[in-house]
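With UniProt numbering applied, the sequence shown closes on residue 331, and no number is skipped along the way. Backbone N, C-alpha and C define an ideal beta-carbon position, used for all residues, glycine too. Beneath this line is the structure, given in structure tokens, with notes to follow.
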Amino acid sequence: MAVTMADVAHRAGTSVAVVSYVVNGGPRPVAPHTRERVLAAAAELGYRRNRVAAALRSGSSGVVGVVLPDAANPYFAALGRALEGALSRSGRLTVVATTGYDTDRQAEAVDRILAAQPDGLVVASADGADDPAPAAAEAGVPVVAVHHRPEGARAALVAADDRAAVRTVLEHLRGHGHERIAFLAGPADDGPVAERMRAWRDSPAAGELLRCGYARASAARLTAGLAARGELPRALLVATDEQAVGVLAAASAAGVAVPERMAVAACDGTPDAAFTVPSLTAVEQPFEEVAEQAVAVLLGGEEPTERPQGRLIPRRSCGCPAPGFADAPEE
Numbered sequence: 001m002a003v004t005m006a007d008v009a010h011r012a013g014t015s016v017a018v019v020s021y022v023v024n025g026g027p028r029p030v031a032p033h034t035r036e037r038v039l040a041a042a043a044e045l046g047y048r049r050n051r052v053a054a055a056l057r058s059g060s061s062g063v064v065g066v067v068l069p070d071a072a073n074p075y076f077a078a079l080g081r082a083l084e085g086a087l088s089r090s091g092r093l094t095v096v097a098t099t100g101y102d103t104d105r106q107a108e109a110v111d112r113i114l115a116a117q118p119d120g121l122v123v124a125s126a127d128g129a130d131d132p133a134p135a136a137a138e139a140g141v142p143v144v145a146v147h148h149r150p151e152g153a154r155a156a157l158v159a160a161d162d163r164a165a166v167r168t169v170l171e172h173l174r175g176h177g178h179e180r181i182a183f184l185a186g187p188a189d190d191g192p193v194a195e196r197m198r199a200w201r202d203s204p205a206a207g208e209l210l211r212c213g214y215a216r217a218s219a220a221r222l223t224a225g226l227a228a229r230g231e232l233p234r235a236l237l238v239a240t241d242e243q244a245v246g247v248l249a250a251a252s253a254a255g256v257a258v259p260e261r262m263a264v265a266a267c268d269g270t271p272d273a274a275f276t277v278p279s280l281t282a283v284e285q286p287f288e289e290v291a292e293q294a295v296a297v298l299l300g301g302e303e304p305t306e307r308p309q310g311r312l313i314p315r316r317s318c319g320c321p322a323p324g325f326a327d328a329p330e331e
């Protein structure tokens with residue numbers, strides 16, 4: 001038989017109402033010593049809160065849906081971890097759906113999460129996806145976009161300052177003496193990568209524009225071809241860490257010395273960047289700050305007027321001394 005609140009109340013020597021206040025966090029305060037007695041009784045009996053029943057009583061499920069393009073991508077993995085932590089601190093349980101960058105899968109994931117009546121929805125949209133705001137509004141569920149939102153979307157957006165990140169890393173590369181810096185973009189001009197590309201174009205140091213898919217293999221094939229033709233740039237700013245990993249792997253295979261022949265830097269600053277060979281210079285994205293702001297907006301706060309700033313981490317790929325592994329981020 002499942003343990004009930006009545007069982008916990010009997011063991012703790014208090015009322016069912018008091019047990020409910022402790023388990024559900026209100027609506028009335030409970031004296032600390034009584035709260036501890038209830039929690040101890042619940043632990044002894046193995047009581048588990050029934051979230052469905054609690055949701056019916058309070059009108060709140062305590063669950064927030066998070067939709068990500070790819071949880072295996074280190075960038076979105078880091079963003080997802082930060083969101084889960086911020087939601088947990090707000091007392092919410094996170095349910096994550098991934099879409100594989102597929103717009104139809106994103107629409108399906110949004111619909112299925114909304115059907116469960118969550119307390120909120122956080123979406124990092126794939127390029128070309130529909131705005132989730134109309135469906136969320138119809139379901140009465142608040143929604144926040146992180147990282148990227150579709151053109152013309154109504155959802156509040158919380159994202160890092162991508163233009164500032166590019167300006168920071170370009171200035172750093174110019175400090176190494178590079179006056180012409182190539183940029184490796186994605187296959188299309190959309191989302192944050194397009195913002196990064198526009199900031200690069202505005203720089204007097206803008207050199208050649210290169211394009212490939214966002215997968216490591218795509219960037220590796222491009223780099224191998226450029227190396228074979230002797231067309232590698234002297235300095236390269238890469239839009240994403242995933243592409244940069246492919247660039248470094250192909251350069252190594254072709255015997256291209258980094259940074260001596262080609263300096264490389266990127267814009268994501270994921271945990272993997274500290275462990276490439278050579279270690280990757282990158283602007284570390286402010287994942288924690290983005291997550292905290294997104295949760296604050298989701299819970300009724302205003303959309304931020306200023307975007308969080310990333311932090312440049314100089315490493316070997318640009319010509320700086322590599323920091324020690326003691327300073328590398330934890331997974």
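At the C-beta level, A244 and A266 come within 8 Å of one another. The shortest C-alpha to C-alpha distance from E288 to any of D111, S203 and V158 is the one to V158. By the beta-carbon neighbour count (other beta carbons within 10 angstroms, threshold 16), G46 is exposed.
Excluding its 5 nearest sequence neighbours in each direction, A97 has C-beta neighbours in its own chain below 6 Å: V67 and A109, listed in chain order. Measuring C-alpha to C-alpha distances from V277 to each of C318, E292, G301 and D268 identifies C318 as the nearest. In this structure, V38 and V16 do not form a Cβ contact; the two beta carbons are roughly 11 Å apart against a cut-off of 8 Å. Between A227 and A249, the gap from beta carbon to beta carbon reaches 8 Å or more. Going by C-alpha positions, V256 is about 53 Å away from A116. Under DSSP, E284 takes part in a beta bridge, and its partners are R311.
A distance below 6 Å between beta-carbons, with the five flanking residues on each side excluded, links T281 to the following residues of its chain, in chain order: A265, P314, R315, S317 and C318. DSSP places A265 inside the beta strand (DSSP E), whose first and last residues are A263 to A266. Straight-line spacing of the CA atoms in P233 and Q309 works out to 28 Å.
By the Cβ-count criterion, F275 is exposed, with fewer than 16 other Cβ atoms from all chains shown falling within 10 Å of its own Cβ. Going by DSSP, G255 is part of no alpha helix (DSSP H) at all; its letter is neither H nor E. When DSSP reads this structure, V67 sits in a beta bridge with A97 and V123.
Here F183 is bridged, per DSSP, to L209 and L237. Where L157 is concerned, the enclosing beta strand (DSSP E) starts and stops at A156 to V158. The C-beta distance from L237 to L222 rounds to 14 Å, too long to fall under 8 Å, and the pair is not in contact.
For V143, the enclosing beta strand (DSSP E) has its first and last residue at V143 to V146.
The Cβ neighbour count for H33, taken over all protein chains shown within 10 Å, is under 16; the residue is labelled exposed. About 4 Å separates the beta carbons of R180 and G207, which is inside the 8 Å limit, making them a contact pair. Bounds of the alpha helix (DSSP H) holding E195 are G191 to R201. Assignment of G80 by DSSP, reduced to helix, strand and coil, places it in the helix class. Cβ-Cβ distances below 6 Å link A139 to L114 in the same chain, with the five nearest sequence neighbours on each side left out; the list follows chain order. For T103, the enclosing alpha helix (DSSP H) has its first and last residue at T103 to A115.
In the DSSP annotation of this structure, the continuous segment of the alpha helix (DSSP H) that includes T223 starts and ends at R216 to A228. Going by DSSP, H10 is part of the alpha helix (DSSP H) stretching over M5 to A12.
Ranked by Cα distance from V64, the options C320, V95, A86 and R81 are led by V95. Close CB contacts of L93 within its chain, under the 7 Å cut and outside five residues either way in sequence, are with G62 and V63 (chain order).
Per DSSP, G175 is one residue of the alpha helix (DSSP H) stretching across D162 to G175. Going by C-alpha positions, R196 is about 27 Å away from R229.
Bounds of the alpha helix (DSSP H) holding E36 are P32 to L45. Sixteen is the threshold: since fewer than 16 other Cβ atoms of the shown chains lie within 10 Å of the Cβ of S88, the residue is exposed. The beta carbon of A165 sits closer than 6 Å to those of C267, V283 and G310, all from its chain and outside the five residues before and after it, given in chain order. Here DSSP, grouped into helix, strand and coil, assigns G246 to helix.
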